[in-house]
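Under the working numbering, think of the first position of the sequence shown as 125, with each following residue one higher. Accompanying notes for the structure given below.
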Amino acid sequence: AEVCRYIFADPTPDVAALARAITQPRIWIKVCCEDSALAACLPSDWTLAPTCWMMVGEGSFDEATLPAGYRTNVVRDGACVEVSIFAPDGSLAASGHAAEAGGVFVYDRIVTDAAHRRRGLGRAMMHLLSAQRQSDDAQPVLVATEAGRVLYESLGWRVYRPYASAVIPDASA
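As C-alpha coordinates, then:
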(Lines of atoms letter the chains of each structure in order from A; the text may use other names.)
(Lines give C-alpha, C1' and ligand atoms only; values in the text may rest on other atoms or scores of the structure.)
Protein backbone atom coordinates (compact mmCIF):
# COMPACT_ATOMS: atom_id res chain seq x y z
CA ALA A 125 0.00 0.00 0.00
CA GLU A 126 1.04 3.58 -0.60
CA VAL A 127 2.78 5.27 2.34
CA CYS A 128 2.37 8.81 1.00
CA ARG A 129 2.67 10.86 -2.17
CA TYR A 130 4.35 14.11 -3.14
CA ILE A 131 2.80 16.05 -6.00
CA PHE A 132 4.55 18.72 -8.07
CA ALA A 133 3.38 20.95 -10.91
CA ASP A 134 6.76 20.80 -12.69
CA PRO A 135 10.00 18.79 -12.48
CA THR A 136 12.00 21.29 -10.42
CA PRO A 137 15.30 20.76 -8.56
CA ASP A 138 13.14 20.17 -5.46
CA VAL A 139 11.86 16.96 -7.07
CA ALA A 140 15.40 15.64 -7.54
CA ALA A 141 16.38 16.59 -3.98
CA LEU A 142 13.32 14.86 -2.56
CA ALA A 143 13.93 11.72 -4.62
CA ARG A 144 17.52 11.52 -3.32
CA ALA A 145 16.28 11.93 0.26
CA ILE A 146 13.65 9.18 0.06
CA THR A 147 15.04 5.72 0.77
CA GLN A 148 11.99 3.67 1.73
CA PRO A 149 9.58 2.04 -0.74
CA ARG A 150 5.96 2.97 -1.49
CA ILE A 151 6.47 6.75 -1.29
CA TRP A 152 5.32 8.21 -4.59
CA ILE A 153 6.54 11.29 -6.44
CA LYS A 154 4.04 12.57 -9.01
CA VAL A 155 4.70 15.42 -11.44
CA CYS A 156 2.76 17.07 -14.27
CA CYS A 157 5.36 16.31 -16.93
CA GLU A 158 6.60 13.76 -19.45
CA ASP A 159 8.02 10.53 -18.03
CA SER A 160 11.47 11.41 -19.34
CA ALA A 161 11.52 14.69 -17.38
CA LEU A 162 10.71 12.92 -14.11
CA ALA A 163 13.16 10.10 -14.88
CA ALA A 164 15.95 12.69 -15.21
CA CYS A 165 15.30 13.70 -11.57
CA LEU A 166 15.41 10.20 -10.09
CA PRO A 167 18.15 7.98 -8.65
CA SER A 168 18.44 4.53 -10.25
CA ASP A 169 16.43 2.67 -7.59
CA TRP A 170 13.20 4.43 -8.62
CA THR A 171 10.68 2.94 -11.07
CA LEU A 172 8.34 4.89 -13.32
CA ALA A 173 4.66 3.93 -13.40
CA PRO A 174 2.75 3.87 -16.69
CA THR A 175 2.02 7.35 -18.04
CA CYS A 176 -1.17 8.99 -16.85
CA TRP A 177 -2.88 12.23 -17.85
CA MET A 178 -3.88 15.34 -15.91
CA MET A 179 -7.30 16.24 -17.27
CA VAL A 180 -9.68 19.16 -16.82
CA GLY A 181 -13.44 19.10 -17.07
CA GLU A 182 -16.29 21.55 -17.25
CA GLY A 183 -19.29 21.67 -14.97
CA SER A 184 -20.85 18.67 -13.29
CA PHE A 185 -22.00 15.22 -14.33
CA ASP A 186 -25.58 14.42 -15.22
CA GLU A 187 -27.43 12.32 -12.68
CA ALA A 188 -27.03 8.59 -13.20
CA THR A 189 -29.40 5.96 -11.85
CA LEU A 190 -27.92 3.13 -9.81
CA PRO A 191 -28.93 -0.44 -10.66
CA ALA A 192 -31.63 -1.92 -8.41
CA GLY A 193 -30.36 -2.86 -4.95
CA TYR A 194 -27.19 -0.74 -5.02
CA ARG A 195 -26.84 1.91 -2.31
CA THR A 196 -24.49 4.80 -1.63
CA ASN A 197 -22.68 6.27 1.33
CA VAL A 198 -21.14 9.76 1.35
CA VAL A 199 -18.65 10.80 4.04
CA ARG A 200 -17.40 14.40 4.18
CA ASP A 201 -14.41 15.51 6.22
CA GLY A 202 -13.86 19.23 5.70
CA ALA A 203 -12.85 19.80 2.07
CA CYS A 204 -12.53 16.05 1.42
CA VAL A 205 -15.30 13.63 0.48
CA GLU A 206 -15.42 9.86 0.03
CA VAL A 207 -18.26 8.14 -1.82
CA SER A 208 -18.90 4.40 -1.68
CA ILE A 209 -21.37 2.40 -3.75
CA PHE A 210 -22.38 -0.94 -2.27
CA ALA A 211 -23.77 -3.92 -4.19
CA PRO A 212 -26.99 -5.66 -3.12
CA ASP A 213 -24.91 -8.24 -1.19
CA GLY A 214 -23.22 -5.44 0.80
CA SER A 215 -19.83 -5.69 -0.93
CA LEU A 216 -18.04 -2.54 -2.08
CA ALA A 217 -18.80 -2.15 -5.79
CA ALA A 218 -17.21 1.28 -6.41
CA SER A 219 -15.48 4.04 -4.50
CA GLY A 220 -14.13 7.49 -5.13
CA HIS A 221 -12.64 10.48 -3.37
CA ALA A 222 -12.53 14.20 -4.05
CA ALA A 223 -11.16 17.33 -2.44
CA GLU A 224 -11.79 21.02 -3.06
CA ALA A 225 -9.21 23.72 -2.37
CA GLY A 226 -7.72 26.76 -4.04
CA GLY A 227 -10.36 26.95 -6.76
CA VAL A 228 -9.86 23.33 -7.84
CA PHE A 229 -12.06 20.25 -7.32
CA VAL A 230 -9.89 17.12 -7.60
CA TYR A 231 -11.40 13.70 -8.30
CA ASP A 232 -9.15 10.92 -6.97
CA ARG A 233 -8.99 7.14 -6.72
CA ILE A 234 -12.15 6.40 -8.71
CA VAL A 235 -12.45 2.60 -8.75
CA THR A 236 -15.17 0.18 -9.84
CA ASP A 237 -14.72 -3.47 -8.87
CA ALA A 238 -14.33 -5.67 -11.97
CA ALA A 239 -17.43 -7.71 -11.08
CA HIS A 240 -19.57 -4.54 -11.16
CA ARG A 241 -18.32 -2.80 -14.32
CA ARG A 242 -20.52 -1.89 -17.29
CA ARG A 243 -23.46 -1.03 -15.01
CA GLY A 244 -23.12 2.76 -14.93
CA LEU A 245 -21.42 2.85 -11.53
CA GLY A 246 -18.51 4.98 -12.77
CA ARG A 247 -20.85 7.60 -14.18
CA ALA A 248 -22.91 7.48 -10.97
CA MET A 249 -19.74 7.88 -8.89
CA MET A 250 -18.66 10.95 -10.84
CA HIS A 251 -22.13 12.49 -10.44
CA LEU A 252 -22.21 11.77 -6.70
CA LEU A 253 -18.75 13.29 -6.23
CA SER A 254 -19.49 16.34 -8.41
CA ALA A 255 -22.62 16.98 -6.34
CA GLN A 256 -20.28 17.56 -3.38
CA ARG A 257 -18.58 20.58 -5.00
CA GLN A 258 -19.07 23.56 -2.74
CA SER A 259 -18.20 26.15 -5.38
CA ASP A 260 -19.49 26.06 -8.95
CA ASP A 261 -16.35 28.00 -9.89
CA ALA A 262 -13.98 25.24 -8.72
CA GLN A 263 -12.17 23.76 -11.75
CA PRO A 264 -12.73 19.99 -11.97
CA VAL A 265 -9.47 18.05 -12.45
CA LEU A 266 -8.40 14.42 -12.32
CA VAL A 267 -5.56 12.13 -13.26
CA ALA A 268 -6.51 9.33 -15.65
CA THR A 269 -4.82 6.17 -16.83
CA GLU A 270 -4.67 5.64 -20.58
CA ALA A 271 -7.93 3.65 -20.50
CA GLY A 272 -9.51 6.28 -18.27
CA ARG A 273 -8.34 9.08 -20.56
CA VAL A 274 -10.37 7.63 -23.43
CA LEU A 275 -13.44 7.34 -21.19
CA TYR A 276 -13.14 10.86 -19.76
CA GLU A 277 -12.55 12.39 -23.20
CA SER A 278 -15.84 10.80 -24.30
CA LEU A 279 -17.46 12.65 -21.36
CA GLY A 280 -16.05 16.02 -22.47
CA TRP A 281 -12.84 16.18 -20.42
CA ARG A 282 -9.60 17.29 -22.08
CA VAL A 283 -5.95 16.46 -21.46
CA TYR A 284 -4.10 19.25 -19.70
CA ARG A 285 -0.64 17.64 -19.37
CA PRO A 286 1.02 14.25 -19.10
CA TYR A 287 1.35 13.07 -15.51
CA ALA A 288 4.41 11.05 -14.49
CA SER A 289 4.68 8.98 -11.31
CA ALA A 290 7.55 7.07 -9.73
CA VAL A 291 8.20 4.99 -6.64
CA ILE A 292 10.90 2.88 -5.04
CA PRO A 293 9.38 -0.61 -5.37
CA ASP A 294 8.79 -2.69 -2.24
CA ALA A 295 11.14 -5.67 -2.61
CA SER A 296 9.18 -7.61 0.02
CA ALA A 297 5.87 -7.36 -1.87
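All C-beta atoms, glycine included, are put in the ideal place defined by N, C-alpha and C.
- Distance from the Cα of C204 is smallest, within the candidate group L279, A255 and T269, for A255.
- Look at V207 here: in three-state DSSP terms it is strand.
- By the C-beta criterion, the stretch 247-264 is judged to be in contact with the stretch 195-213, since at least 3 inter-stretch pairs fall below 8 Å.
- By the C-beta criterion, the stretch 173-181 is judged to be in contact with the stretch 260-279, since at least 3 inter-stretch pairs fall below 8 Å.
- Taking one beta carbon from each stretch, the stretch 155-169 and the stretch 131-143 have 3 or more pairs nearer than 8 Å; the two touch.
- Linking V139 to E187 through their CA atoms gives a straight-line distance of about 40 Å.
- A distance of 9 Å or more separates the beta carbons of S215 and I234.
- Cα atoms of S289 and L162: separation of roughly 8 Å, rounded to the nearest angstrom.
- Secondary-structure assignment with DSSP links Q148 through no beta bridge to anything.
- Remark: C-beta atoms of W170 and A143 approach each other more closely than 9 Å.
- Rounded to whole angstroms, the gap between the alpha carbons of G244 and Y276 is 14 Å.
- Counting only runs of 3+ residues, the beta strand (DSSP E) found wholly inside the stretch 174-240 occupies 176-180, 195-201, 204-210, 216-225 and 228-236, in chain order.
- The residue from D201, V198 and W152 with its alpha-carbon nearest to that of R129 is W152.
- Per DSSP, reduced to three states, the secondary structure at A288 is strand.
- In the DSSP assignment, R247 falls within the unbroken alpha helix (DSSP H) covering L245 to S254.
- If you draw a straight line from the Cα of D213 to the Cα of H240, it comes to about 12 Å.
- If you draw a straight line from the Cα of W281 to the Cα of E182, it is about 7 Å long.
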